[in-house]
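*Asks:* One structure, pasted below without further comment.
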Ligand code: 8X3
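Numbering (this note's numbering), first residue to last: 72 to 327.
Here it is in structure tokens:
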């Protein structure tokens, strides 16, 4: 049962990486957690784990790229789950590292559809309720890759630059309300990010983190929770989070 003191968070792409870390962190902090994912077999263990830890959890099975499915899932939430306090737009990722003139059309579509259009769909579905309640927080998982392009990053970087623009745009559009909007921009985070980018080539993925201690999903979840729990008059607008030996998008000091 919902108690008034408990806040509700919805986290997209909560079955792994930063999304899963956010689900665990918000659950530990006493939030009621809606976890979304594309695969029932990956979503169920997350639900089981959070329930065992005593969390009120609601799974939603859909792909953020499927607008009709996203709409049906969010609009079909039971009444007590509909007053969402925090939306963490995490679902998405990178596919491919080819030069722009050799990129894969399907990879481009998948990134644009999830990272930009999926984030927009969730925003469009959840934020009107926040505005009506004059309460809420949207936390978008952007990237250092949205600040500057890097070799082979082209379309991925463009989607994360779009996340920055959409986050800033939303912040402007809700400035008359108490709704807060945050863009968290991680650098190197060791999740399945690079395995996905390289279409399952885990040896190539591991090389991305050679000689540097990367961030973890938990490090980013800490930042998300900090932003969500900041006093109501404090809006953490944007946070760039880098591993200590990553100085910028492309300057990375690797130990031999
Ligand atoms: C992830 C950071 O630099 O690997 O968004 O693209 S990077």
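Ideal placement from N, C-alpha and C gives every residue a C-beta, glycine not left out.
1) Taking 7 Å as the line, does the beta carbon of residue 166 fall inside it for any heavy atom of the ligand 8X3?
2) Using beta-carbon positions only, say whether residue 189 and residue 178 come within less than 8 Å of one another.
3) Taking just the CA atoms, how far does residue 186 sit from residue 231?
4) Report yes or no: do three or more beta-carbon pairs, one from the segment 281 to 295 and one from the segment 236 to 245, lie closer than 8 Å?
5) Which residue or residues does DSSP assign as beta-bridge partners of residue 163?
6) Kindly provide the ranges of any beta strand (DSSP E) runs that are 3 or more residues long and lie completely inside the segment 95 to 183, ordered along the chain.
7) Taking DSSP's pairing of strands, which residues face residue 211 in a bridge?
8) Is DSSP giving residue 323 helix, strand or coil here?
9) Return the CA-CA distance between residue 101 and residue 182, expressed in angstroms with no decimal places.
10) If distances are taken between C-alpha atoms only, which option among 113, 109, 112, 127 comes closest to residue 78?
11) Closest to residue 129 by C-alpha separation, out of 135, 287, 149, 142, would be which residue?
12) On the three-state DSSP scale, how would you describe residue 277?
13) Determine the contact status of residue 269 and residue 164, defining contact as a CB-CB distance below 8 Å.
14) Since residue 209 contacts residue 252 with CB under 8 Å, what's their CB separation in whole angstroms?
15) Throw me the rounded Cβ distance for the residue 82 and residue 260 pair, which I believe falls under 8 Å.
16) Apart from the five residues on each side of it in sequence, which residues of its chain come closer than 6 Å, Cβ to Cβ, to residue 224?
17) Please report how far the alpha carbon of residue 175 lies from the alpha carbon of residue 226, in whole angstroms.
18) Whole-angstrom Cβ separation of residue 296 and residue 237, contact assumed at under 8 Å?
19) Opposite residue 310 in the DSSP bridges: which residues?
*Replies:* On the basis of the data shown:
1) Residue numbering aside, residue 166 sits at position 95 when the chain shown is read from its first letter. Checking every heavy atom of the ligand 8X3 against the Cβ of residue 166, none is found closer than 7 Å.
2) Position 118 of the chain shown, counting from 1, holds the residue named residue 189. Position 107 of the chain shown, counting from 1, holds the residue named residue 178. No, they are not a contact pair.
3) Mapped onto the chain shown, residue 231 falls at position 160. Mapped onto the chain shown, residue 186 falls at position 115. Residue 186 has its alpha-carbon roughly 7 Å from the corresponding atom of residue 231.
4) No, they do not touch.
5) Within the chain shown, the letter at position 92 stands for residue 163. Secondary-structure assignment with DSSP links residue 163 through no beta bridge to anything.
6) Within the segment 95 to 183, the complete beta strand (DSSP E) runs of at least 3 residues fall at 103 to 108, 128 to 132, 157 to 160.
7) Sequence index remark: in the chain shown, residue 211 carries index 140 (1-based). Answer is 160, 254.
8) For this step, residue 323 is matched to residue 252 along the chain shown. Residue 323: strand per DSSP, three-state reduction.
9) Start at 1 with the first residue of the chain shown, and residue 101 comes out as number 30. Start at 1 with the first residue of the chain shown, and residue 182 comes out as number 111. Computed Cα separation, rounded: 33 Å.
10) Position 7 of the chain shown, counted from the first residue, corresponds to residue 78. Nearest in C-alpha terms to residue 78, of all of 113, 109, 112, 127, is 127.
11) On the chain shown, position 58 is the one that residue 129 refers to. Minimum Cα distance to residue 129 is reached at 149.
12) As a first step, residue 277 must be located in the chain shown, where it is residue number 206. It is helical.
13) If you number the chain shown from 1, residue 269 lands on position 198. If you number the chain shown from 1, residue 164 lands on position 93. Not a contact, by the Cβ cut-off of 8 Å.
14) Counting from 1 along the chain shown, the entry for residue 209 is found at position 138. Counting from 1 along the chain shown, the entry for residue 252 is found at position 181. Indeed they touch by this definition, with Cβ atoms about 5 Å apart.
15) On the chain shown, residue 82 is found 11 positions in, with the first residue counted as 1. On the chain shown, residue 260 is found 189 positions in, with the first residue counted as 1. Cβ-Cβ separation between residue 82 and residue 260: approximately 16 Å, too far for a contact (criterion under 8 Å).
16) Residue mapping note: residue 224 aligns to position 153 of the chain shown, counting from 1. The residues are 216.
17) Counted from its first residue, the chain shown places residue 175 at position 104. Counted from its first residue, the chain shown places residue 226 at position 155. One C-alpha to the other measures close to 10 Å.
18) The residue you call residue 296 lines up with position 225 of the chain shown. The residue you call residue 237 lines up with position 166 of the chain shown. Contact annotation, residue 296 with residue 237: C-beta distance approximately 22 Å; criterion of less than 8 Å not satisfied.
19) Sequence index remark: in the chain shown, residue 310 carries index 239 (1-based). Beta bridge pairing from DSSP links residue 310 with 255.
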